[in-house]
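This report concerns only the one structure given below.
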Amino acid sequence: MPLEIITVPCLSDNYAFVLRETESDQVAVVDVPEAQPILDVLKEKGWSLDHILLTHHHDDHIMGVEELRKETGASVSGGAPDAYRLPPLDTQLSDGDTFQLGAETCRVIDVSGHTLGHIAFIFDEALAAFTADSLMAWGCGRVFEGTMDQQWNTLQKFHTLPRAMTIYSGHEYTTSNGKFALTIEPDNESYLARMKATEDARAKGEPTVPSNLGLELATNPFLRANHPKVKAALGMEDASDAEVFAEIRSRKDNF
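Counting in the UniProt record's numbering, the sequence shown runs from 1 upward without gaps.
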C-alpha cells in the first residue's frame with residue numbers, strides 16, 4: 001500500500017492518525033491531541049515525522065503540537081482562516097489547495113460548521129478522508145461556530161466522494177452516536193446491525209474509527225437528512241433538507 005495509516009488513541013476519546021507514504025518514506029500526522037502516543041508510534045516503527053497537519057483549532061486536536069514539533073522538527077500546516085488561533089504554521093492551507101505527501105496527492109476542503117475554518121484532508125487515490133469533527137463515525141460535530149446551513153452544506157461535500165472512501169474522524173463517539181441514531185429510526189435494520197457491530201468492537205477494546213463512507217451514507221442520520229424515510233420519521237415530510245438536518249442536530253445536542 002502506498003499510504004500506511006495508523007490510528008493513534010489519545011486523551012480519553014480522541015484519535016490522531018500517523019500516515020507514511022511508502023515510496024518516499026514521508027510521514028505525517030493528522031491532529032495532535034497529545035504528543036506522547038504519537039512519539040511512541042514513531043519510535044516503535046522507526047519513522048521520522050516530516051509533517052503535522054491540523055484540521056481545526058480546538059485544544060483537544062492541537063495541545064501536543066509544540067512538544068511534537070520540538071521533538072521531531074516536523075513542519076506544521078493548517079487552515080489559513082484558522083491560522084490566528086492555531087500553533088504557528090509553516091504552511092497555511094485554503095479550500096481547494098493540494099500538496100504532496102511523497103507520491104500521494106492530498107486535497108484540502110473547507111468543512112466549516114463545527115468550527116469556522118475547519119478543513120479536511122482528502123487523499124483521493126488512497127481513498128482516505130481525514131474529517132476530524134466535521135463528519136464523525138455515525139455522527140457529526142456539534143455546530144459551535146458556523147450555522148446549521150453551513151454544516152449541512154459541508155456534509156453534502158462528503159456525498160460526492162466514493163463510497164469506498166475510508167473516513168478517519170476525530171473521536172470515539174460511535175456508541176453514543178448509534179444510540180441517538182436509533183431514536184430517529186429505531187426499526188432500521190442497518191442501524192441495528194451497526195449497533196451490534198459497534199458494541200462488539202468496543203467490548204473487545206477495539207476502535208470503531210475509521211469507518212466507511214458507504215456505511216455512513218446508509219446509517220448516519222446527519223447524512224440522511226434528505227432521505228424521505230428520515231423526514232417521515234420526524235414528521236417533516238415537507239421540510240427542506242437543511243431544516244431536517246437542523247432538527248436532527250438539535251435533538252442530538254439535547255440527547
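Glycine included, every Cβ here is placed at the ideal spot set by N, Cα and C. All of these numbers come straight from a predicted model, not from anything done at the bench.
Whole-angstrom Cβ separation of Y168 and P210, contact assumed at under 8 Å?
Yes, they are in contact, since the Cβ atoms of Y168 and P210 sit about 5 Å apart, within 8 Å.
Considering only C-alpha positions, which residue in the set A164, S134, G235 and A83 is nearest to Q151?
It is S134.
Check for me: the alpha helix (DSSP H) holding R69 runs from which residue to which?
Residues V65 to T72.
Is L53 closer than 8 Å to H61 when the C-beta atoms are compared?
Cβ distance not < 8 Å, so H61 and L53 don't count as in contact.
Between which two residues does the beta strand (DSSP E) harbouring L53 extend?
Start and end: H51 to L53.
Let's test the definition: count the other Cβ atoms within 10 Å of the Cβ of S190 and tell me whether it reaches 16, buried, or not, exposed.
Classification for S190: exposed.
May I have the straight-line CA-CA distance separating V76 from A239, to the nearest angstrom?
If I take the Cα positions, the gap works out to 43 Å.
If you follow the beta strand (DSSP E) that F130 is in, where does it begin and where does it stop?
Element bounds for F130: A128 to A132.
In terms of residue numbering, what span does the alpha helix (DSSP H) encompassing Y191 cover?
That run of the alpha helix (DSSP H) goes E189 to A203.
By the 10 Å Cβ neighbour count, where 16 or more other Cβ atoms means buried, how is E216 classified, buried or exposed?
Label assigned to E216: buried.
Since T208 contacts A218 with CB under 8 Å, what's their CB separation in whole angstroms?
Actually they do not touch by this definition, with Cβ atoms about 15 Å apart.
Whose C-alpha, out of G46, G141 and K179, is nearest the C-alpha of H58?
Considering only alpha carbons, the answer is G141.
Buried or exposed for R85, please, with buried defined as at least 16 other CB atoms from any protein chain shown within 10 angstroms of its CB.
Exposed, because fewer than 16 other Cβ atoms sit within 10 Å of the Cβ of R85.
Quick check: V27 and S48, are their CB atoms within less than 8 Å of each other?
In contact: V27 and S48 (Cβ atoms closer than 8 Å).
Could you tell me the alpha carbon to alpha carbon distance between G64 and P37, rounded to whole angstroms?
The straight-line gap from Cα to Cα measures roughly 10 Å.
Look at the Cβ atom of E185, then the Cβ atom of V230, and state whether they are nearer than 8 Å.
For E185 and V230, yes; Cβs fall inside 8 Å.
When burial is assigned at 16 or more other CB atoms within 10 Å of the CB, is N188 buried or exposed?
Answer is buried; the Cβ neighbour count reaches 16.
Among A193, N14, D90 and A120, which one has its Cα closest to the Cα of D50?
The residue with the shortest Cα to Cα distance from D50 is D90.
If we call anything under 8 Å between Cβ atoms a contact, is R249 one with L213?
No.
Pick from P9, T166, F180 and F222: whose alpha carbon is nearest that of A128?
The candidate whose alpha carbon is nearest that of A128 is T166.
In terms of alpha-carbon separation, which member of A126, Y15 and A83 lies closest to E4?
Nearest of A126, Y15 and A83 to E4, Cα basis: A126.
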